[in-house]
Amino acid sequence: MIEPEISTIKPQPADKKKIFKIWWVAGILALVTAAEFYVALQFPESWKGFKIFLFIGMTFIKAGYIVMEFMHLGHEQKSLMWTILIPTAFVVWLLGALFIQADAIYHAIYG
0 MIEPEISTIK PQPADKKKIF KIWWVAGILA LVTAAEFYVA LQFPESWKGF KIFLFIGMTF
60 IKAGYIVMEF MHLGHEQKSL MWTILIPTAF VVWLLGALFI QADAIYHAIY G
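When the letters of the sequence shown are read in order and numbered with numbering that gives the first Met the number 0, they come out as residues 0 to 110.
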């Protein structure tokens with residue numbers, strides 16, 4: 000005969016502070032995303048360069064906020080935070096510069 004399994008695991012009460020923090024972060028990210036949609040749909044196409052600049056900036060804001068909250072980097076020493084974020088920003092800038100340069104070379108050769 001099979002005996003019923005007895006579990007010694009006790010359910011933990013929900014940590015309301017952590018749940019609120021997750022919803023708060025999700026709300027901030029949703030607001031920034033809504034701002035991106037507003038810029039995409041309401042700004043004229045003649046402002047294309049400005050729109051791209053805003054999208055990149057808002058993407059950096061969202062990425063930095065995610066890193067600070069979910070990877071707990073915002074609660075570390077500021078020197079550690081800057082040691083991680085500054086080289087990352089330079090690598091992203093380098094990739095952008097390389098793409099711009101490659102596009103210019105492509106159009107110079109192939110018209």
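From the three backbone atoms N, C-alpha and C, an ideal C-beta is built for every residue, glycine too. Remember, it's a predicted structure, so these values are computed and weren't measured experimentally.
Leaving out five residues on either side along the sequence, give the residues of the same chain with a beta carbon under 8 Å from the beta carbon of P118. Past the boundaries of the shown model lies residue 118; the chain is included only from 0 to 110, so the question cannot be answered.
DSSP three-state assignment for T7, whether helix, strand or coil: It is coil, neither helix nor strand.
Does G63 come out as helix, strand or coil in the three-state DSSP assignment? In this structure, G63 counts as helix in the three-state DSSP scheme.
Supposed contact pair V38 and K50 - C-beta distance, whole angstroms, cut 8 Å: About 6 Å separates the beta carbon of K50 from that of V38, a gap short enough to meet the 8 Å contact definition.
How many Å lie between E44 and V90 at the Cα? Rounded to whole angstroms, E44 and V90 show a C-alpha spacing of 29 Å.
So, E68 versus V24, is the Cβ gap smaller than 8 Å? Taking 8 Å as the Cβ cut-off, E68 and V24 qualify as a contacting pair.
Which residue comes first and which comes last in the alpha helix (DSSP H) that contains H71? For H71, there is no enclosing alpha helix (DSSP H), since its DSSP letter is neither H nor E.
8 Å Cβ cutoff met for E35 and F54: Closer than 8 Å, so yes.
Let me check understanding here. Comparing Cα to Cα, which of Y64, P3, K77 and L84 lies closest to L30? Residue nearest to L30 within the set Y64, P3, K77 and L84 is Y64 (criterion: CA-CA distance).
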